[in-house]
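Since the structure comes first, as structure tokens, the remarks are kept for the end.
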Ligand code: NDP
Ligand code: 8X3
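Numbering (the working numbering), first residue to last: -18 to 234.
Structural data, given as structure tokens:
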């Protein structure tokens, strides 16, 4: 049976890498993000390479509760059986001491990383194909395991993801839905560019002298997690670059 994976935030970085790898592995893909043009290109490329899979894309801002409910409720019937939900859409905005933090940045992080994940999960859980294997994978972070200087609100949102992953595992236990948290350290994506509001130079410095993880590294880990036997669940997986010991201790050459 071909399984269907729903990936939020598939227009870039880890989400896009998951789409690429899971297409190669033969999964059907339900992809969303705000930048629909990127998803269109990704869909065309993937279908040209893997013509036997199905891909459905749609524009979604996970911060908008009504839009999330309507878009997911309005999916074509053949897309209303979902095996795997990858709650990946997320972002960091700013890296300032809490006393200098920007309230707009805080709201965007809380609305996307916590509320967006909740809205999508609430809409998708009733559509999960529990008879053939259902699994929710939440993108946490090393920032959900520790707090680093100026990480304040981003770290708080990822600690919330950690708590919600644990809560989902308890609440969904009797439905047989697996729940996993994948917690990466530094991954070179558009993450830092978004964190620094488009400042590419500042973003590049984050990865200078160090080999960070790639989106593909994380996607391969997610593939491992979602292909364990039915009786095995990986609860929580922290994945770091070899050169990174903690959120802030990095061996730069
Ligand atoms: P990217 O910026 O490359 O990708 C983020 C993705 O999230 C994009 O596809 C973006 O799509 C989507 N997204 C952001 N806001 C929204 C929204 N409101 N509605 C829908 N989609 C949204 O970053 P990463 O790939 O690195 O980040 C993916 C996840 O991994 C995040 O949850 C992040 O916190 C987490 N993470 C990242 C790490 C890193 O070092 N890079 C480390 C640990 C965790 P669009 O803009 O088109 O909507
Ligand atoms: C992203 C990793 O260390 O920048 O979640 O917070 S970090």
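Beta carbons are placed, not taken as given, at the ideal position from N, Cα and C, and that holds for glycine.
| Asked | Found |
| --- | --- |
| Among all the DSSP beta bridges, which residues are the ones paired with residue 225? | 231 |
| What are the start and end residues of each continuous beta strand (DSSP E) run of 3 or more residues lying completely inside the region 48 to 120, in chain order? | 65 to 68, 115 to 120 |
| Pairs of beta-carbons, one from the region 147 to 162 and one from the region 177 to 184, closer than 8 Å: are there three or more? | no |
| Under a three-way DSSP split, which group does residue 134 fall into? | helix |
| If we ignore side chains and look at the alpha-carbon of each, how far apart do residue 168 and residue 211 end up? | 29 Å |
| Can you find a CB in chain C that lies within less than 8 Å of the CB of residue 183? | Given the protein chain composition of this structure (a single chain), no chain C is represented. |
| Quick one: residues in its chain with C-beta nearer than 7 Å to the C-beta of residue 71, no 5 flanking neighbours on either side, listed in chain order? | -10, 93, 94, 120 |
| Using only the heavy atoms of the ligand 8X3, determine whether one of them is closer than 7 Å to the beta carbon of residue 158. | no |
| Less than 7 Å between the CB of residue 131 and some heavy atom of the ligand NDP, yes or no? | no |
| What three-state label does DSSP hand residue 168 in the structure shown? | strand |
| DSSP puts residue 159 in a beta bridge; with which residues? | 116 |
| Report the option in 105, 172, 207, 55 whose CA atom is closest to the CA atom of residue 186. | 172 |
| Report back the beta-carbon spacing between residue 78 and residue 131 to the nearest angstrom; my notes put them in contact at under 8 Å. | 6 Å |
| Helix, strand or coil, according to DSSP, for residue 9 in the structure here? | strand |
| For residue 200, name the three-state secondary structure that DSSP assigns. | helix |
| Tell me where the beta strand (DSSP E) around residue 217 begins and ends. | 217 to 220 |
| Please classify residue 27: does DSSP put it in a helix, a strand, or coil? | helix |
| Is the closest heavy atom of the ligand NDP to the C-beta of residue 171 under 7 Å? | yes |
| If you follow the beta strand (DSSP E) that residue 182 is in, where does it begin and where does it stop? | Looking at the DSSP string, residue 182 is not in any beta strand (DSSP E); the run it does join, the alpha helix (DSSP H), is 181 to 187. |
| Closest to residue 10 by CA distance: which of 65, 43, 53 is it? | 65 |
| With a threshold of 8 Å, are at least 3 pairs of Cβ atoms found where one atom belongs to the region 46 to 66 and the other to the region 105 to 123? | yes |
| Roughly how far, in whole angstroms, is the beta-carbon of residue -14 from the beta-carbon of residue 2, given that I think they are within contact range, below 8 Å? | With 8 Å as the limit, residue -14 and residue 2 do not qualify as a contact, their Cβ atoms being about 10 Å apart. |
| Closer than 7 Å to a non-hydrogen atom of the ligand NDP - does that hold for the CB of residue 204? | no |
| Mark residue 222 as exposed unless 16 or more other C-beta atoms lie within 10 angstroms of its C-beta, in which case mark it buried. | buried |
| Could you give the DSSP three-state label for residue 37: helix, strand or coil? | strand |
| Assign residue 149 to one of two classes, buried (16 or more other C-beta atoms within 10 Å of its C-beta) or exposed (fewer than that). | buried |
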